[in-house]
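Here the structure is laid out as structure tokens; the discussion comes afterwards.
Here it is in structure tokens:
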């Protein structure tokens, strides 16, 4: 069984898109770099490849389009006709034909241009050919743009067509618009077709599936057909006509007895007669719908006659099939889709008729003989004449009979609908609870009480246990009452309590202070006590503290006062106007030095145990200690290990012109040795007495003096007119110009380490040694 | 709807509170608040964390076994609803709570029994040993003299100066 599925057709791009896709693919998947310096063959190959690649892609894509769209002649005539009805066969074929032509054109273009490219003689020419080729291919594609768009639309529509298998068991429903075809299909299948009061609600074919005798049946709902001449029919009606014409199916012709569809029985029967030619060889059932509005018996005589006519027509098909003539039930049926009366019966009848017909056809065909040999139905021979009827337990029989009596059971759903619908009414879930007393059904039992789960406490014998607990509790309480309170030891007096409180307060204060001191010790410098910045160590305070302890502070304060030197003003000789009678009082104050307490001996006195022989030794030791520290202190160093140099090259020492004295020692840098340089840049050579005449005037060494008559070796004179004696080369040192000195300190200073602390101390000028 | 116990601190977790953690071995840990949850993530043992019920029970601060605890037991099979039974249960819960509370109080009282005596002893000892912080050992008792002494100091110092003249 071929399944017709038009959903798998690939998307057809628009003309422009198509061009874009192909060109970008060419760009990405072929090499992109070519230079005019390459060999000509290579250039030709490069461009030929591009052209061929583009052509192949076009060909491929267009071929897929052509292949995937169904050819109307090859598919089942039902689909062929359906597609023709929907899309017009000619247009469709034309479009596909255009695509085909385009494909061929592109192939031709490619062939031609490749032939030309084979003889391209420069990069420019090859490139131009390639551009032309691609351009023409793209124009061709752009020209078929409208066809592509049309095919895309067709494809989208085709994908949404219902997948109808033309060869399987099918039931076709047809009739006037609004007679109840879609409601019927909704009832028997899971299809959800729109049912609306206006005509032509169903605009295309709809498929549903239903089961009968373990077989699947397709049920096809068609749009309504009006009674018109064939040529005047519109596309929608043509759909149903096509279906009727091509599908081998059981046909259910729907008749609206009540006429509420807007058409009388006469009109409907007229339609019937006009399309009865389509019912050839199809099991036909006439279904009278909407019997709830009007029963079949209640219609007028004329209508009855018309119905009879239709029935007789239908019987003809039945007879043609070989069925019994008496079975009028199988041909004319009444039902109502609203009340669902007889709907299943109609379906069963239709399915049965169709099945019979198909089986008959199969039996008559030649192929069946091959299969028939393989079937064998065996019927067991009866052993004896004893009757063995079916065994059905009585309870089941009763239930069955009850079921037949009972009207349709009322569902909760109906209840809900009655009482206001889904959002308004909520069914009581406790309705069917089985409890000891039915009054308790709607009780709300609390789940939580006082932080406990009630369910955890529920127990059938909870009362009993509770009693026990109470008894226990009673006993315990008695026991507790019997115990006395023991008073061990005596209490402190209230004054003692007060003192204790004070003790504790003081302790806590000390502890707190200690904690603060401890925590800030690292970050805060601790001021030595003698500086007393908090002014904690005053006389008055001491006095207060002592008196709070219960002591007499007067003596202590007196002593402290006497020991202090007093204010400077008091000590100074002229006390304002010098009119002091008692002049020596101030003198005494002045002279009275603050004598230290006798806890420490004077410095020069040797205390046994310190390790000095005598005081002279001690004094010397102190002096030595001080002298070793003196230099460091002057250099502002913390100690021996302090080697910090804050700035290595302070600018004021390393910039500026050379001062007096330096200029003598460090001459100016110059490329040529100047004659008036005092030292250094002149070279003194040992000259051969013989060669002295050959000494050239433009020697780079320096100026020459006019050759002397004597054979004595020439000595180059300097401006300073100092005559240097003959010196050997070994003794000559070449002194480079001064400005490079500063850069290459290491080369000339004896102590060559750059940053040695000894050499480069803070603010000491670097001294050069020669 | 059920009230659960927090795994860490054993307090009740009401609906809408806390976090539930399900481990890969399907053990469920419920926490009443993020404090317990974070402690759990830090892998702290509730038996060592002072404020949890587990610690308190382990170290005897709270009552451990009692017949009132046996009333509350997780039942897996629900009982058929019976109004009278439910009424009785609700009343029973209240009395059980009262009993349990009373028993916890007695437990606490027993625990704290010797405290007053111990405190008094300590106070006496501290007073004895640390009295020097408040009252100097050789100090006189009267407060009137101490005030007088203060005044004397000021006069005497000026007198001294005059004497030296």
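Residue numbers (our numbering), protein chains in the order written: chain A, 3 to 772; chain B, -11 to 153.
Glycine included, C-beta positions come from ideal geometry on N, C-alpha and C.
Nothing here was measured: the structure is a model prediction, and the numbers come from that model.
Residue i versus residue j: straight-line alpha-carbon distance, rounded
i: residue 147/A; j: residue 59/A; result: 17 Å
i: residue 19/B; j: residue 80/B; result: 29 Å
i: residue 188/A; j: residue 343/A; result: 14 Å
i: residue 271/A; j: residue 406/A; result: 38 Å
i: residue 338/A; j: residue 297/A; result: 10 Å
i: residue 305/A; j: residue 289/A; result: 15 Å
i: residue 123/A; j: residue 49/A; result: 12 Å
i: residue 2/B; j: residue 431/A; result: 26 Å
i: residue 237/A; j: residue 318/A; result: 31 Å
i: residue 143/A; j: residue 149/A; result: 10 Å
i: residue 555/A; j: residue 536/A; result: 22 Å
i: residue 7/B; j: residue 15/B; result: 14 Å
i: residue 97/A; j: residue 56/A; result: 22 Å
i: residue 380/A; j: residue 260/A; result: 51 Å
i: residue 60/B; j: residue 11/B; result: 27 Å
i: residue 39/A; j: residue 128/A; result: 14 Å
Partner residues on chain D for residue i, Cβ-Cβ distance less than 8 Å
i: residue 493/A; result: In the structure shown, chain D does not exist; the protein chains are A and B.
Residue i, DSSP secondary structure in three states
i: residue 559/A; result: helix
i: residue 319/A; result: helix
i: residue 773/A; result: Nothing can be reported for residue 773/A, as the shown portion of chain A is limited to 3 through 772.
i: residue 367/A; result: coil
i: residue 458/A; result: helix
i: residue 343/A; result: strand
i: residue 620/A; result: helix
i: residue -7/B; result: strand
i: residue 446/A; result: coil
i: residue 1/B; result: strand
i: residue 188/A; result: helix
i: residue 291/A; result: strand
i: residue 399/A; result: helix
i: residue 43/A; result: helix
i: residue 501/A; result: helix
i: residue 50/A; result: helix
i: residue 413/A; result: coil
i: residue 166/A; result: coil
i: residue 702/A; result: Here residue 702/A scores only 44 on pLDDT, less than 50, and its place in the model should not be relied on; the value that follows carries that caveat. It is coil, neither helix nor strand.
i: residue 82/A; result: helix
i: residue 53/B; result: coil
i: residue 436/A; result: coil
i: residue 2/A; result: Not covered by the structure: residue 2/A. The range shown for chain A is 3 to 772.
i: residue 14/A; result: coil
i: residue 8/A; result: helix
Where the beta strand (DSSP E) through residue i begins and ends
i: residue 176/A; result: 172 to 177
i: residue 257/A; result: 252 to 258
i: residue 334/A; result: 334 to 336
Sub-8 Å separation of residue i and residue j beta-carbons
i: residue 244/A; j: residue 80/A; result: yes
i: residue 284/A; j: residue 247/A; result: no
i: residue 57/B; j: residue 24/B; result: no
i: residue 64/A; j: residue 24/A; result: no
i: residue 292/A; j: residue 182/A; result: yes
i: residue 341/A; j: residue 294/A; result: yes
i: residue 53/A; j: residue 132/A; result: yes
i: residue 267/A; j: residue 222/A; result: no
i: residue 66/A; j: residue 32/A; result: no
i: residue 45/A; j: residue 118/A; result: no
i: residue 178/A; j: residue 249/A; result: no
i: residue 76/B; j: residue 190/A; result: no
For residue i, the residue or residues it bridges with in DSSP
i: residue 220/A; result: 172/A and 211/A
i: residue 8/B; result: 18/B
i: residue 451/A; result: 454/A
Residue span of the alpha helix (DSSP H) that contains residue i, given as start and end
i: residue 107/A; result: 91 to 119
i: residue 301/A; result: Counting along the chain, residue 301/A falls outside any alpha helix (DSSP H), and DSSP gives it neither H nor E.
i: residue 22/A; result: 17 to 31
i: residue 243/A; result: 237 to 248
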